[in-house]
Every structure is written in C-alpha cells, then in structure tokens.
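Worksheet: one structure, shown below.
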Amino acid sequence: MLVAAAGLTSFALQNSWANKMLYQAGVAQIIWNQQENYGNNGFALAFTLNVKNSIITKPAGYGEQAIDSIAGRLASLRGEASSAAADTAEPAEKLPHVIFVMSEAFWDPTLLPGVTFSEDPLPTVHRLQERYGASTMLTPQFGGGTSNVEFEVLTGFSTSFLPSGSVPYQQYISQPIPSLASFFESRGYRSLAVHSYEGWFWNRNNVYKWMGFEGFKSLTHFTEPEYKGAFIADSEVSRSIIREVEKSEVPVFIYAVTMQNHGPYNDDRYGQTDIAIDGELTDEARQIISTYTQGAKDADASLKMLIDYFEEKEEPAYIVFYGDHLPMLGYDYDVYRQTGFINSALAEEWSLEELRSMRSVPLVTWTNVPVKAELPATISSSFLGSFALKALGIEPVGQFALNAELYPSLPGLLRNLTIDGGSHLSGTVPEEASALVEDYRLLQYDMLFGNQYLAGKIDEDFLGRLALPAYNIMDTEQQSLR
-3 MLVAAAGLTS FALQNSWANK MLYQAGVAQI IWNQQENYGN NGFALAFTLN VKNSIITKPA
57 GYGEQAIDSI AGRLASLRGE ASSAAADTAE PAEKLPHVIF VMSEAFWDPT LLPGVTFSED
117 PLPTVHRLQE RYGASTMLTP QFGGGTSNVE FEVLTGFSTS FLPSGSVPYQ QYISQPIPSL
177 ASFFESRGYR SLAVHSYEGW FWNRNNVYKW MGFEGFKSLT HFTEPEYKGA FIADSEVSRS
237 IIREVEKSEV PVFIYAVTMQ NHGPYNDDRY GQTDIAIDGE LTDEARQIIS TYTQGAKDAD
297 ASLKMLIDYF EEKEEPAYIV FYGDHLPMLG YDYDVYRQTG FINSALAEEW SLEELRSMRS
357 VPLVTWTNVP VKAELPATIS SSFLGSFALK ALGIEPVGQF ALNAELYPSL PGLLRNLTID
417 GGSHLSGTVP EEASALVEDY RLLQYDMLFG NQYLAGKIDE DFLGRLALPA YNIMDTEQQS
477 LR
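Be aware that the sequence shown starts at -3, since it is given in the numbering used here, and climbs by one per residue.
Structural data, given as structure tokens:
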C-alpha cells in the first residue's frame, strides 16, 4: 500500500496534467473532512491528494542565528514601546470582553454596480463605517476555504508562505500552537470558540484544542435553535455569545463563526425576502442576489443584537466583525460579471484592482472602552489580531509582535497581491518591506515546522504554552447555549 501511495505521489507531483485527469475521472479531494476523503478515495489516492499540497521547503537562511536576530529586534522594539507607554499609563480598568465574529461569506451587496435595493441591507455596518471609517479586510480566500482565514486571524501566520491549495487545519496543526486564544487565556480570560455547524468540519474539534481554547461550542450545543434555511440562524450565535458573557466570572475571548449565509444562493430558502432587488439581471442572478442579501441583512441584525446588549448592560466589550470571503454568486463569477464588478471569469485576467475587490470584505469594530488605534483602510486577515491587541493597548507578543511592526508599512499581504501603507497595489512584495516579510516567513516556519527557536528566546510563557488540559467539546454543565 505504501509503495502504491509513493508511486501515485510521484505521478501527481511530476505531471502537471494529473489534476485534469483526476477531475475528468470524477475524483474530488474532500479537504474539509479527511475521514470522508479517505473513505471515498481510498488510502493511496487520499494520501496522494493530501501530500501534494503538504510539502514544505525550509526557507533559505533559516537557523537559530536568524531567529535570534529577529527575537533581539522584537525585544528592543518592545523596550522602546514600554518606555513610551509608561509615560502615558492610565489606571487599570475592568478588562473588556473581546469578541471576534467571522460572519459566513459576509460582504456588502450594495457594491454591485447597477443593482439597487429597496432598503439598506446593512444599516448597522454602514453606521459603524460612518462613525469609525470604512475598512476592509484582505482575505486569502474566495467563495470557500473558511478555515484558512480562521488560521490567519487566530495565529497571525500567513497562508501566503504555504503551498497553494494547502489547508493548515487539516495538514499542519497537530500539536499546540500559539494563538489569540492561548494569549488571552494567559491574560486571565476564558477563551471559547462558537460555531453553528458540525464540530468535525475543517477538523475544528482538534485544532481549537491545539490553539488553546478552553472549550468549543458547536452545533450539538444549540438546543432547539431557530433555523434560517438549512443552517442555524445568525441570531442564535449572538444569543450564544451573550449567554457565555453572562455566566462567566472573568472576561471572555470568544471566536464565533456563523453559518446561515452559506452558499449556494440560487435557492428560495427564505421565501418572501425583505428587500426588493432591481437592475438589468437574469432571473437566476436576481434570485441569487435576493437570497444572499437577505442573509447579509440577518447577519447585520445579529451584530446589532450584540451591540444593543453591551450598550444596555454597560459591560466593557470590544467587538470585531468581518466576513471570511466574498460569496460565490453564481458559476464562473456570473453575478459579478453581469453587474460589471469584474470583467472576466478567469482570475488570472483580473487587474490588481479587481483582485483586491474580490478579496476585500467589510471589517468593522464596536467598543465602549477607549482604544489606542484606529482601523486602517485595509488590513490582511493575518494582521487583524495584532491590530486588535494594539487597539486595546495590549503589548503584542511572539508572531503578533512582528506583525505589529510589519502591517503599518504593508497592511495587505496575499500570495499575489500586496498593498503598502500608501495604498499602492503590487503583485510582489515592495523592496522596502522585503526584509521584514522574510523575517515573517522565517518566524512562521520556525513555529510551524522548524525547531521553535523563538520560544526559547522571547515570550516563553506564550510561545511555549501547551493546549489547555481542561479543553472540552461537550461540557455537560453548558450543553445549552440558548
């Protein structure tokens, strides 16, 4: 069997037409569920499909000396920052709850050219944009691959440095990894993940444990929830968050992932929708936009539910709300092309501006505590955690410290698109940022695949922190989140 797998692997890696042959044969890699992947495709083929996207090459220049240099610079920057902070230190107040909500396929449909809506589908988001400034998050995905965006936000690492098509949740995380969850736990918070779908999806049951979450509340923990279409309503996720806040005696860090507005959207899941759509569209395109817009409207309302709760209770909180990727509105980007949002069904033909548009999702924050930083116009998902720590006046550690140094000059970093501090677009890393980006690559390799030299040189309490022994996915005392 192993010989067969080795032979298939060699075939897949050495023949560029292998993927086309597999597609024509009806072979599909089920990356979100490896048990099903191996069951459907057999050991040899499933192994081959996985390994071709898993090979990691050690970066040139990687070694203890290089990591020691990075650690020294970060320590020096921290010393300067600490001195500046000491001069403006304020009395400590009650720690705020920190809540990240990644809303499934959340995007602003009013950006579609030539399409009008009978009412604003996103009144809450637009109000926050007017108040705090419009911001977008640059995401590495389109239409799917949610876990890769989670990976970037929670770890501060970038999928740009990984093989194209790889899925870290499935392929690279099988031991403790420092994340926002473990960081907030080290600061006295209770870190929880909430997702209104199956816990096995994208291997979250295991990955969240390795990231240091205290617990994970998935679909099975919702008691008689309201459904919108095939999925649990976004409003139920907001209720779950509120319940966790109310019963916790310490501040909570919650990472919530919704599911209601998952595609495809050519169905009539809502029946009569709240918003009428107008424009020169095919009937199918109109149905797709109508269904999607209703889901986006409900997502916006679920955000308002959270804000209303914290405004009424006067409980300190910091909320970060964003989408994981743009929605797949029809085959071959049909709705985007019909409306002129992009001009081609081939991504390789897009301009840099079009690529940015197809990778930019709304990003808003709400808080009732003083913040130390304003949202940048654009920021990559891998830098979002560092920004949030900076906004809260918390000194970033480990990889988040390096990101805090990098993102002001290079807020946008994707595999084939970068955006510098002056909002200039490029298909490559600008020369002035190349040294820091290379340090970023080396640090990420060290922590994910290397010898973890950094953990022995700086922030040992964070970088060396193990997964929590109390982690659970079925807390019998908290089975109902409603």
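We treat Cβ as the ideally placed atom computed from N, Cα and C, and that holds for glycine.
Nearest to residue i (by Cα), restricted to the options the options
i	options	result
I375	P260, I228, E308, T135	T135
K300	A431, K54, R123, Y58	R123
F209	W196, E222, R69, L188	L188
F113	Y128, Y288, M98, F197	Y288
F157	L450, A56, Y223, D274	A56
F153	V163, F396, A343, F96	F396
F138	E240, T216, E100	E100
Q125	L371, T424, M255, S65	L371
P164	M133, A177, V203, E194	V203
F480	L388, D230, A373, S405	There is simply no residue 480 to check, as the chain begins at -3 and stops at 478 in what is shown.
A343	E311, N412, L385	N412
F479	M98, A130, G129, P172	In the structure as shown, the chain starts at -3 and stops at 478, and residue 479 therefore has no counterpart that could be examined.
Enclosing alpha helix (DSSP H) for residue i [first to last residue]
i	result
F180	176 to 182
H122	119 to 128
G394	394 to 402
K213	Segment 211 to 213 is the beta strand (DSSP E) holding K213; no alpha helix (DSSP H) there.
R186	Not the alpha helix (DSSP H): R186 falls in the beta strand (DSSP E), residues 186 to 191.
E350	348 to 353
P366	Here P366 belongs to no alpha helix (DSSP H), and DSSP marks it neither H nor E.
Under the three-state DSSP convention, the category residue i falls into
i	result
L388	coil
L438	helix
N144	helix
S99	strand
F458	helix
F337	coil
F218	coil
D304	helix
Y314	strand
D264	coil
D328	helix
T106	helix
D274	strand
T151	helix
L319	Residue 319 is actually Gly in this sequence, not Leu. Three-state result, G319: strand.
R53	Residue identity check: residue 53 is Thr in the sequence provided, not Arg. Reduced to three states, the DSSP call for T53 is coil.
T112	strand
Residue i: first and last residue of the uninterrupted beta strand (DSSP E) it sits in
i	result
I250	248 to 253
I238	Where I238 is concerned, there is no enclosing beta strand (DSSP E), although the alpha helix (DSSP H) it sits in stretches over 230 to 243.
I375	374 to 376
L359	356 to 363
L134	132 to 134
Buried versus exposed, by CB contacts within 10 Å (16 or more), residue i
i	result
G446	buried
V246	exposed
R355	buried
E307	exposed
Y403	buried
G291	buried
D264	exposed
K213	buried
I284	buried
N144	buried
P109	exposed
D296	buried
Q334	buried
S178	buried
Y223	exposed
S286	buried
S79	At S79 the pLDDT is 46, less than 50, meaning the model places this residue with poor confidence; the figure from the coordinates comes in the next sentence. With fewer than 16 Cβ atoms within 10 Å of its Cβ, S79 is classed as exposed.
E345	exposed
R127	exposed
DSSP bridge partner residues for residue i (one or two, in chain order)
i	result
N202	For N202, which the question treats as bridged, DSSP gives no partner whatsoever.
F227	K224
I415	G408, L421
H93	A313
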